[in-house]
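Under my numbering, the first residue of the sequence shown is numbered 159, with each subsequent residue one higher.
Cβ atoms here follow ideal geometry from the backbone N, Cα and C, with glycine treated the same way.
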Amino acid sequence: MRDLDEEAVAILRANDRGGFTVPTARLYPYQWNWDSAFAALGFATFDLDRSWREIEMLFEGQWPNGMVPHIIFRRDDPDYFPGPSVWGTDNDPPTSGHSQPPVAATIIRALFEKDASEGGAARARALYPKLLAWHRWFHTARDPAGRGIVAVIHPWESGRDNSPDWDEAMDRVEPARAKAYTRRDTSHVDASMRPTQSEYDRYMRIVEFGAEYGWGEDCLGRNGPLFVADPGITFILLRADRDLLAMAQALGIDEGQAEISGWIARAEEGVGLLWNDASGGYTARDLKTEKLSDGLSSVSFLAWYAGLGGAWLEDTLAASLERILGASAFAVPSFDPEHRKFDSLRYWRGPVWAVINYMVGRGLSEAGREALARRVHDDTRRLIEISGFYEYFDPLSGAGAGGGKFTWTAAIWLAWASPSASRG
Ligand code: GLC
């Protein structure tokens, strides 16, 4: 039998570009934000020092206003579009202009708890003010009204590029093609597994807008082409705030504790604005129209991971998850398989992603929902055993799709899905 642990370690090593990893060669040749945080989780199973380094290099890209960008471009690579020159940002190293889901604090807390050395505490202490500044940026720039729900200005910021969650808001973005451009993604991966051309034209319109008017919060947000509150980022940030607070307490740092507690209280209240009775779960909310999106995506089930409880979760949300898992051979499809917009192969409109499974599974397990947690965990293991370390998987057939030898799939295998991992 092939040793999947060894294969996973080899993938992390092969995607290492000298202290940071690329998600996969060619398709994604730079450092991506949440991919790196998950990579650190994988490295932590065999090389703690390298794991800290991954995160430290991610924060080298942090902007003076606290934002940690979704891509850090350390060199220009013709394999990827849009590259550094298109974004019009002036950071050094060059970066994209918006962020990605803030999973880093949660992962840094895990590293800190695993690394009992003095060096570990010192590294966590050095990262703490950077994390605090990043979270503060999310709570202000992406929640300017202070409602406790966090929005994205670009579907890429959510990390779930073509999710149906953005469809209505995207319909209102003009698909301008001011400058002709050539997509690179579809030369690496079959077009049926990627966003459509019309979506890409709109993605590029938002990038053009940011490059033209500046990426500052005064230009984007309500004034930009798209502003949609995302249950994914809202839940991930709520969880990350709790972990950041726990880290401050463990390190004996007072600064920021009261502020973080305030964010947590506000989010616990605010998430009600994302509850969608008709869909039976949490959905996105377009802040330009106040309309909730239709249909459940997998991030709805991050409510447990966010530490939420109460009747909505215990009854309705758990029943929705059971229904969705009843309709899929493999947990957790990124979009409701019984919804007309489901597409089992197209990226975030159906396929299973190991990183989402990891967070959903952990949350369920922490909430004591063992049967559901086990299903999510065991399906992740089976998918990788059957198909390998793909970017994502078809929830009906289990086939791997998108890029191969994928960093975050290998990392989740090592940290959680492998029989040699502890399932926490
Ligand atoms: C895609 C995914 C995003 C990920 C990136 C690199 O854009 O949607 O979540 O960070 O690829 O893997």
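Could you pull the DSSP bridge partners for residue i from this structure?
i: Ala-559; result: Tyr-550
i: Thr-182; result: Tyr-186
i: Ala-387; result: Ala-309 and Arg-443
i: Ile-544; result: Paired residues: none, contrary to the question.
i: Ser-455; result: Phe-493
i: Thr-253; result: Ile-230
i: Val-510; result: Phe-551
My output table needs one value for residue i: the three-state DSSP class, helix, strand or coil.
i: Tyr-339; result: coil
i: Phe-488; result: coil
i: Arg-443; result: strand
i: Ala-166; result: helix
i: Ile-265; result: helix
i: Phe-201; result: helix
i: Gly-582; result: The predicted position of Gly-582 is uncertain, since its pLDDT is 46 and thus under 50; no value can be drawn from it.
i: Met-159; result: The predicted model places Met-159 with a pLDDT of 43, which falls under 50 and marks its position as unreliable, so this point remains unresolved.
i: Leu-450; result: strand
i: Asn-434; result: strand
i: Arg-171; result: helix
i: Ile-411; result: coil
i: Asn-223; result: coil
i: Lys-499; result: coil
i: Tyr-463; result: coil
i: Phe-196; result: helix
i: Arg-481; result: helix
i: Val-429; result: helix
i: Ala-334; result: coil
i: Tyr-286; result: helix
i: Arg-504; result: coil
i: Ala-416; result: helix
i: Gly-374; result: coil
i: Ser-345; result: helix
i: Ala-274; result: coil
i: Arg-424; result: helix
i: Phe-393; result: helix
i: Arg-352; result: coil
i: Arg-584; result: For residue 584 there is no data in the structure shown, the boundaries of the chain being 159 and 582.
i: Gly-176; result: coil
i: Tyr-516; result: helix
i: Gly-379; result: helix
Check whether the Cβ of residue i sits closer than 7 Å to any heavy atom of the ligand GLC, and report yes or no.
i: Gly-241; result: no
i: Pro-495; result: no
i: Asp-193; result: yes
i: Asp-323; result: no
i: Gly-317; result: yes
i: Trp-115; result: Within the shown structure, residues of the chain are numbered from 159 to 582, placing residue 115 beyond reach of any answer.
i: Trp-292; result: no
i: Trp-314; result: yes
i: Tyr-186; result: yes
i: Gln-407; result: no
i: Pro-287; result: no
i: Pro-302; result: no
i: Pro-509; result: no
i: Pro-181; result: yes
i: Gln-258; result: yes
Where does the unbroken alpha helix (DSSP H) through residue i begin, and where does it stop?
i: Phe-367; result: 355 to 371
i: Ala-569; result: 565 to 570
i: Ser-576; result: Note, Ser-576: premise wrong, no alpha helix (DSSP H); not H, not E.
i: Phe-217; result: 206 to 217
i: Pro-260; result: Note, Pro-260: premise wrong, no alpha helix (DSSP H); not H, not E.
i: Ser-243; result: 242 to 245
Give a yes or no on whether 8 Å exceeds the smallest Cβ distance from residue i to chain D.
i: Trp-324; result: In the structure shown, chain D does not exist; there is a single protein chain.
Does the Cβ of residue i lie closer than 7 Å to at least one heavy atom of the ligand MG?
i: Gln-189; result: Inclusion of the ligand MG in the displayed structure is not the case, the ligand content consisting of the ligand GLC alone.
Which runs of the alpha helix (DSSP H), 4 residues or longer, sit entirely within the segment 294 to 327? DSSP runs (the alpha helix (DSSP H)) wholly in the segment 294 to 327: 313 to 316.
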